[in-house]
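Report on one structure; see the data block that follows.
Protein chains in written order, with my numbering: chain W, 3 to 286; chain X, 56 to 295.
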């Protein structure tokens, strides 16, 4: 909002009285967050975060170290599902625009299913549903695949990849459709093969169209990752739940997790803002 | 091997089958989603008006609400509110000398999902209000309409067509987010399914059945919202 030219923004948007107002708002918000942090550290019991903390059984659980490991799992889930999911999303979007009808129909059905059902159902369908079918095939227990088929992490990763592919496939469909026909015709008129048209013109232009939506989609994906804890993955939420149960603290771990997700969201949003600023965009 | 074969008789409506349990769960899901949607809409309308025409402190408070409400995972927010909401309410009630209340699960579920919805609804409605041409609001002022009249006669009706796509998305989100309440033990479709699947061991079939019920709910909703939007946009110029 603030990066619009001043003249147009002031008329369209009564909030934007200039940079000063938004700076003031930012200042207030920072103060509010600082007060919240102050209150939380004053009212809450945070001793368990100390790495040398010794619990009632005389053990050193090192919750901080566990949180750092959990953060690693959360980020792995996020980054792998976004990258691999996007790789699937491009063909899923493309066949919906130009593919033969069986593929078009299949891609459409896939996107509708993913977008029309809760991710929790998809995850449990894979973990409990598929997961309960595998042990009934006798040889599979003795195969080298078995350790992978038992690990909740892989089911969570698969569910998140499919989910991201479904949501992004629909967005890529819109992106491919939004590229002006004239540009594709021009490319063909020059004598490009359809593969070259896709590689040089259609895909890059479609990616440019969907770039502004990507930041929000990645944040949504980040916000889905704690569901992995429902299938035995110790991501940051899983660790937080462990602290809740072992330390009998209800709020402190949840607040810490909320702060971590808030920070990650801010980092993702500003990273995409930087990328968007690097890409020259001319708006008609 | 019950999990391998798909035995549809387990979905029968009479007691050995679990069909009526699933439908009861779907009913609870719709009930809670409707309640949370309505609550979120009220919060969103208040939030949008506050963000557009409130004082500086209200604006900052709303900014913090919408930012945190949209940056923190729904599951975490639901857990925080689910524990904190009834506790705070009971502290308030006992402070005024009343006996502590037993907060019912439905009310708690509607409250937590509604607060999350409200953060998104605030932004959707704020955008919808801002996209009303200022000339229309200025004309209403020039006629001497009071603030409330301007809202009821001009801003609210003119905002609706702009808000519908966003509000439709929010409805689809709240139906899907309501599944998260299974994690805190609220008995909606997801939890009923988990119980049915757990006791029959037919996990795949029951989760697939639940998925299809959610899918039916979302497809019917999309159909209805499209119809509403077509009606609301009658007489508007088609976009390019």
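Just so you know, even glycine gets a beta-carbon here, dropped at the ideal spot from N, CA and C.
Item: Unbroken alpha helix (DSSP H) run spanning residue 149 (chain W), endpoints; Value: 148-152
Item: Residue 83 (chain X): first and last residue of the uninterrupted alpha helix (DSSP H) it sits in; Value: 74-108
Item: 7 Å CB neighbourhood of residue 137 (chain X) in its chain, flanking five on each side removed; Value: 163, 167, 239
Item: Distance CB(residue 128 (chain W))-CB(residue 157 (chain W)) smaller than 9 Å; Value: yes
Item: Chain W contact for residue 193 (chain X) (CB, 9 Å cutoff); Value: no
Item: 8 Å Cβ cut-off: residues of chain X touching residue 115 (chain W); Value: 266, 270
Item: Whole-Å CB distance - residue 181 (chain X) paired with residue 106 (chain X), under 8 Å assumed; Value: 5 Å
Item: Given residue 94 (chain W) as reference, the closest of W:178, W:186, W:152 once Cα atoms are compared; Value: W:178
Item: Option nearest residue 229 (chain W) by Cα separation, candidates W:122, W:169, W:190; Value: W:122
Item: Selected residue, minimal CA-CA separation from residue 215 (chain W), among W:46, W:271, W:232; Value: W:271
Item: Residue 109 (chain W) beta carbon less than 9 Å from that of residue 119 (chain X); Value: no
Item: Coil, strand or helix - residue 271 (chain W) by DSSP; Value: helix
Item: Residue 72 (chain W) vs residue 239 (chain W) beta-carbon contact at 9 Å; Value: yes
Item: Partners in chain W for residue 274 (chain X), counting only beta-carbon separations shorter than 8 Å; Value: 114, 118
Item: Collapsed DSSP secondary structure at residue 249 (chain X) in the structure displayed; Value: helix
Item: Proximity to residue 29 (chain W) [Cα-Cα], best of X:280, X:114, X:227, X:152; Value: X:114
Item: Beta-carbon spacing of residue 115 (chain W), residue 171 (chain W) below 9 Å; Value: no
Item: Cβ-Cβ distance between residue 170 (chain X) and residue 246 (chain X) below 9 Å; Value: no
Item: Residues of its chain near residue 69 (chain W), where Cβ-Cβ distance is below 7 Å and the 5 sequence neighbours each way are ignored; Value: 238, 241
Item: Residue-chain proximity (residue 154 (chain W), chain X), Cβ-Cβ < 9 Å; Value: no
Item: Alpha carbon of residue 155 (chain W) to alpha carbon of residue 132 (chain W), nearest angstrom; Value: 14 Å
Item: Min CB distance residue 232 (chain X) to chain W below 9 Å; Value: yes
Item: Chain X contact residues for residue 259 (chain W), given Cβ-Cβ distances below 7 Å; Value: 131
Item: 6 Å CB neighbourhood of residue 124 (chain W) in its chain, flanking five on each side removed; Value: 161
Item: Burial state of residue 274 (chain W) (16 or more Cβ within 10 Å); Value: buried
Item: Cβ of residue 62 (chain W) within 9 Å of any chain X Cβ; Value: no
Item: Buried/exposed call for residue 126 (chain W), threshold 16 Cβ in 10 Å; Value: buried
Item: Helix, strand or coil at residue 170 (chain W) according to DSSP, with G and I counted as helix; Value: helix
Item: Neighbour flag for residue 9 (chain W) against chain X, beta carbons, 9 Å; Value: Caution is warranted here: a pLDDT of 39 is assigned to residue 9 (chain W), below 50, making its placement in the model unreliable, and no coordinate value can be reported.
Item: Below-9 Å beta-carbon distance, residue 134 (chain X) vs any chain W residue; Value: yes
Item: CB contact below 9 Å: residue 13 (chain W) versus chain X; Value: Its pLDDT being 42, under 50, residue 13 (chain W) is placed unreliably in this model, and the coordinates cannot settle the point.
Item: Residue 34 (chain W) at chain X interface by Cβ criterion, 9 Å; Value: yes
Item: Runs of alpha helix (DSSP H) lying entirely within the segment 171-222 of chain W, each at least 4 residues, in chain order; Value: 183-192, 196-199
Item: Distance between residue 224 (chain X) and residue 42 (chain W) (C-alpha atoms, nearest Å); Value: 34 Å
Item: Whole-angstrom distance between residue 176 (chain W) and residue 79 (chain W), CA atom to CA atom; Value: 26 Å
Item: Rounded separation between residue 204 (chain W) and residue 106 (chain W) - CA only; Value: 18 Å
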